[in-house]
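Trainee: Mind having a look at this structure? Questions to follow.
Chains as they are written, first to last, in our numbering: chain A, 2 to 371; chain B, 3 to 337.
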């Protein structure tokens with residue numbers, strides 16, 4: 002009864018705060034839309050100058066291909082200039098991201114099968130833009146080269162045909178596991194141990210420390226109410242994400258139940274961890290300070306935004322003990338590949354062990370006195 | 003003592019260099035209304051928190067309802083009800099929900115809990131507002147709720163830490179009446195801490211006066227006042243008191259001292275209530291008319307001044323700043 006009373010108290014308080022309920026639903030989606038688009042969006046409309054000092058057919062062909070990129074993928078916004086000095090000055094002043102200078106002998110050298118070079122000037126202080134321009138230009142130049150190869154050599158070329166094992170996931174859909182994990186993270190940060198911090202800050206904690214509630218009652222009660230609240234809000238966020246992005250749950254009820262179990266297990270693990278981290282904190286400002294830090298160290302190395310394989314070795318090592326990495330892997334596997342328990346049992350085993358360790362440590366570390 | 007509800011022996015609590023409670027010993031008998039009087043920062047809250055199992059003593063022993071506060075904290079918690087100095091009810095819940103959840107913490111069966119809550123809310127005049135959120139309550143209503151919340155589980159001993167702090171005089175008197183009623187009806191032992199002299203005098207059968215973590219006097223308010231040298235203060239206001247009249251008043255055996263300040267005479271006398279008519283007659287003989295008479299009888303404030311040489315009010319701000327300045331966590335120092 003005591004444990005249920007702790008849960009009831011927490012749920013009643015949550016129910017009386019519709020603003021928190023609303024924010025719990027909306028924030029994860031907004032957060033991930035902004036974050037995801039900031040990191041993964043393709044670069045478009047990079048201002049690049051083209052200075053054609055040659056005017057010959059090869060130079061015109063190159064310009065034509067660049068225009069095709071401009072009107073196709075739209076990576077560039079081309080500005081045709083006559084003065085190479087002005088173009089370079091434009092880069093230095095930040096008006097341009099790059100400039101292609103086609104020298105006067107470009108066509109002549111091309112026709113003579115001699116090495117024809119055009120200069121690519123880049124604002125290399127903006128590494129991402131510079132890298133995109135460099136790569137796109139390289140492909141445009143390769144395309145020119147191909148036309149000068151004899152047709153018979155085409156047979157010698159090696160082709161790679163890619164075959165998708167699973168249905169194609171568009172960009173919006175690929176963000177859904179991240180949205181779900183973010184909803185869990187925010188939920189676990191604003192329930193469970195956080196309520197204890199608030200009670201302590203408001204002086205309310207004293208009243209229930211004076212009752213026969215045990216450490217276990219307080220910790221597990223707050224974790225249980227946190228699990229209920231976070232799971233429900235995360236589930237609503239997930240359903241909303243499905244409706245917005247149109248991800249089909251082709252595995253039906255079993256797939257949905259497995260996803261629900263992953264949400265539940267992740268929530269339990271993170272809530273237990275929060276109790277260990279925040280169990281003795283007495284001011285909500287400390288939680289505020291920790292929020293950003295915890296979000297960065299757990300969410301970004303989770304693989305939700307960028308593949309873990311791209312991380313340096315030390316960050317990969319951290320990802321091995323990051324519960325969110327296991328949660329993201331399990332969720333992606335089940336959601337996108339309709340994987341069964343067999344494929345994600347390792348993730349689940351880790352999350353279970355993590356929960357057990359964190360909850361035990363959280364209860365032991367919790368102070369039953371002032 | 004067989005019927006000791008609270009038994010304290012050489013209890014000490016230190017916060018680093020500061021000794022908040024310094025070797026306190028006392029007993030409170032079952033059914034007694036006992037009060038601890040002292041300025042803020044004297045150690046009252048620290049002492050109560052040790053007896054309530056919220057703080058572990060540095061040394062010494064204390065038993066509440068026969069249970070050791072360190073070795074048997076669960077048993078102590080079941081036996082006591084506590085009204086902390088801070089308001090601890092959840093503002094987002096109704097009064098009924100607050101009490102119901104508190105009752106569940108003590109595993110009180112549903113029907114008993116419901117009846118008990120209804121009865122207690124009725125007694126403190128909150129029955130009609132029982133389903134309103136506590137956030138909508140006034141300070142006095144919240145304080146009444148705090149008291150009945152602590153009584154849901156029928157404790158043997160009720161601790162109240164500065165229960166009328168911050169309340170207006172009317173609400174304070176309401177709380178006093180409620181406490182007197184509960185003492186009678188629930189057969190409670192009540193342990194109250196306060197820095198209001200009149201509160202201790204009005205409610206407590208026995209009072210311990212605490213200063214700098216030590217008990218400096220303990221007895222019934224009447225006996226404590228009776229131990230003071232027999233001296234009352236009589237304040238008289240009259241226009242232009244003549245010097246020869248002041249000299250004449252000093253000739254009375256029962257007049258110990260006379261001070262004159264503008265139109266006010268302050269007389270230290272033995273047995274003020276009885277001798278004042280004689281003083282007034284003598285003044286009339288000088289053709290003067292007294293416009294105001296005020297006899298200040300001995301109070302617990304005088305007891306505190308007698309033992310410490312300072313008044314309680316003067317001590318308050320200084321002690322709180324001393325504790326916090328010395329590194330004692332501010333949440334442990336009640337203001």
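Where is the CB? At the ideal position from N, CA and C, for every residue including glycine.
If I follow the unbroken alpha helix (DSSP H) through residue 222 of chain A, where does it start and stop?
Mentor: First-last of the alpha helix (DSSP H) with residue 222 of chain A: 216 to 246.
Trainee: For the beta strand (DSSP E) that residue 90 of chain B lies in, which residues bound it at each end?
Mentor: It is not in any beta strand (DSSP E) - residue 90 of chain B carries neither H nor E in the DSSP assignment.
Trainee: Verify the CB distance criterion: does residue 304 of chain B have a CB-CB separation below 9 Å to chain A?
Mentor: No, because no Cβ of chain A sits closer than 9 Å to the Cβ of residue 304 of chain B.
Trainee: With distance defined between alpha-carbon atoms, name the residue in B:9, B:277, B:40 and B:20 nearest to residue 217 of chain B.
Mentor: Among B:9, B:277, B:40 and B:20, the Cα nearest to that of residue 217 of chain B is on B:40.
Trainee: If you draw a straight line from the C-alpha of residue 67 of chain A to the C-alpha of residue 49 of chain A, how long is it?
Mentor: In a straight line, the C-alpha of residue 67 of chain A is about 10 Å away from that of residue 49 of chain A.
Trainee: Between residue 147 of chain A and residue 140 of chain A, what straight-line distance do the alpha-carbon atoms span, to the nearest angstrom?
Mentor: Caution is warranted here: a pLDDT of 49 is assigned to residue 147 of chain A, below 50, making its placement in the model unreliable, and the coordinate value is therefore given only provisionally. When rounded, the distance between both Cα atoms is 11 Å.
Trainee: Report yes or no: do three or more beta-carbon pairs, one from the stretch 357 to 365 of chain A and one from the stretch 262 to 280 of chain A, lie closer than 8 Å?
Mentor: The stretch 357 to 365 of chain A vs the stretch 262 to 280 of chain A: in contact.
Trainee: Closer than 9 Å, CB to CB, is residue 194 of chain A near chain B or not?
Mentor: With 9 Å as the cut-off, residue 194 of chain A does not count as an interface residue toward chain B.
Trainee: Count the CB pairs spanning the stretch 263 to 283 of chain B and the stretch 178 to 198 of chain B that are closer than 8 Å, and state whether there are at least three.
Mentor: No, because fewer than three Cβ pairs between the stretch 263 to 283 of chain B and the stretch 178 to 198 of chain B fall closer than 8 Å, the two stretches do not touch.
Trainee: Along chain A, which residues have their Cβ under 7 Å away from the Cβ of residue 109 of chain B?
Mentor: Correct list: 2 and 3.
Trainee: Under three-state DSSP, which class holds residue 83 of chain B?
Mentor: Residue 83 of chain B: strand per DSSP, three-state reduction.
Trainee: With a cut-off of 8 Å on the beta carbons, I'd call residue 266 of chain A and residue 353 of chain A a contact; round off their distance for me.
Mentor: That belief holds up - the Cβ atoms of residue 266 of chain A and residue 353 of chain A are roughly 7 Å apart, short of 8 Å.
Trainee: So, with DSSP's three-state summary, where would you put residue 137 of chain B?
Mentor: Here residue 137 of chain B sits in helix by DSSP.
Trainee: Of all Cβ atoms in chain B, is any one closer than 9 Å to the Cβ of residue 208 of chain A?
Mentor: For residue 208 of chain A, the answer is yes, since a Cβ of chain B falls inside 9 Å of its Cβ.
Trainee: Are the beta-carbon atoms belonging to residue 102 of chain B and residue 121 of chain B less than 9 Å from one another?
Mentor: No, they are not a contact pair.
Trainee: Compute the distance between the beta-carbons of residue 68 of chain B and residue 157 of chain B, then report whether it is under 9 Å.
Mentor: Not in contact: residue 68 of chain B and residue 157 of chain B (Cβ atoms no closer than 9 Å).
Trainee: Any heavy atom of the ligand GDP inside 8 Å of the beta-carbon of residue 71 of chain A?
Mentor: In terms of ligand content, the structure shown is empty, and the ligand GDP therefore cannot be addressed.
Trainee: Got a sec? Which residues, its chain only, sit under 8 Å from residue 51 of chain A by beta carbon, not counting five neighbours each side?
Mentor: 64, 67, 79, 80, 81, 82, 100, 101 and 103, listed in sequence order.
Trainee: By DSSP, does residue 137 of chain A sit in helix, in strand, or in coil?
Mentor: Reduced to three states, the DSSP call for residue 137 of chain A is helix.
Trainee: Taking only three categories from DSSP, how would you classify residue 291 of chain B?
Mentor: The answer is coil: DSSP assigns residue 291 of chain B none of H, G, I, E or B.
Trainee: Helix, strand or coil for residue 312 of chain A? Go by DSSP, reduced to three states.
Mentor: Correct three-state label for residue 312 of chain A: coil.
Trainee: Quick one: is residue 82 of chain B near chain C, going by C-beta distance under 9 Å?
Mentor: No chain C is present in this structure, whose protein chains are A and B.
Trainee: What does a CB cutoff of less than 6 Å around residue 137 of chain B pick up in its chain, not counting 5 residues either side in sequence?
Mentor: If we look at residue 137 of chain B and ignore the five residues flanking it on each side, its Cβ neighbours are 93.
Trainee: So residue 29 of chain A and residue 238 of chain A are in contact, right, with Cβ under 8 Å, and what is the actual spacing, rounded?
Mentor: Confirmed, about 5 Å.
Trainee: Whose C-beta lies closer than 6 Å to the C-beta of residue 121 of chain A among residues of the same chain, with five residues either side of it excluded?
Mentor: 101 and 138, listed in sequence order.
Trainee: Exposed or buried, which one is residue 112 of chain B when buried takes at least 16 other CB atoms within 10 Å?
Mentor: Burial call: exposed.
Trainee: Counting Cβ pairs, one atom from each stretch, are 3 or more of them under 8 Å apart for the stretch 5 to 13 of chain A and the stretch 223 to 230 of chain A?
Mentor: Yes, since at least three Cβ pairs between the stretch 5 to 13 of chain A and the stretch 223 to 230 of chain A fall closer than 8 Å, the two stretches touch.
Trainee: Looking only at its chain, what residues have a beta carbon closer than 7 Å to the beta carbon of residue 260 of chain A, apart from the 5 residues adjacent to it on each side?
Mentor: Counting only Cβ-Cβ distances below 7 Å, and skipping sequence neighbours, we find 332, 335 and 336.
Trainee: Going along the stretch 40 to 61 of chain B in order, which residues come within less than 9 Å of chain A, judged by CB to CB distance?
Mentor: Of all residues in the stretch 40 to 61 of chain B, 51, 54, 55, 56, 57 and 58 have a Cβ within less than 9 Å of some Cβ in chain A.
Trainee: Do residue 132 of chain B and residue 177 of chain B have their beta-carbon atoms positioned less than 9 Å apart in this structure?
Mentor: No. Outside cutoff.
Trainee: List, in order along the chain, the chain B residues whose C-beta lies closer than 9 Å to that of residue 9 of chain A?
Mentor: By Cβ distance, chain B contributes 99, 102, 103 and 106.
Trainee: If we count the other Cβ atoms within 10 Å of its Cβ and call it buried at 16 or more, is residue 112 of chain A buried or exposed?
Mentor: Residue 112 of chain A is exposed by the Cβ-count criterion.
Trainee: Compare the C-beta of residue 91 of chain B with all C-beta atoms of chain A and state if any pair is closer than 9 Å.
Mentor: Chain A contact via Cβ: present.
Trainee: Using the three-state DSSP reduction, which class does residue 69 of chain B fall into: helix, strand or coil?
Mentor: In this structure, residue 69 of chain B counts as strand in the three-state DSSP scheme.
Trainee: Is residue 66 of chain B near residue 160 of chain B, with beta carbons less than 9 Å apart?
Mentor: No, the pair does not count as a contact, with Cβ atoms beyond the cut-off.
Trainee: From A:24, A:272, A:246 and A:92, pick the residue whose C-alpha is nearest to that of residue 221 of chain A; which is it?
Mentor: Answer by Cα proximity: A:272.
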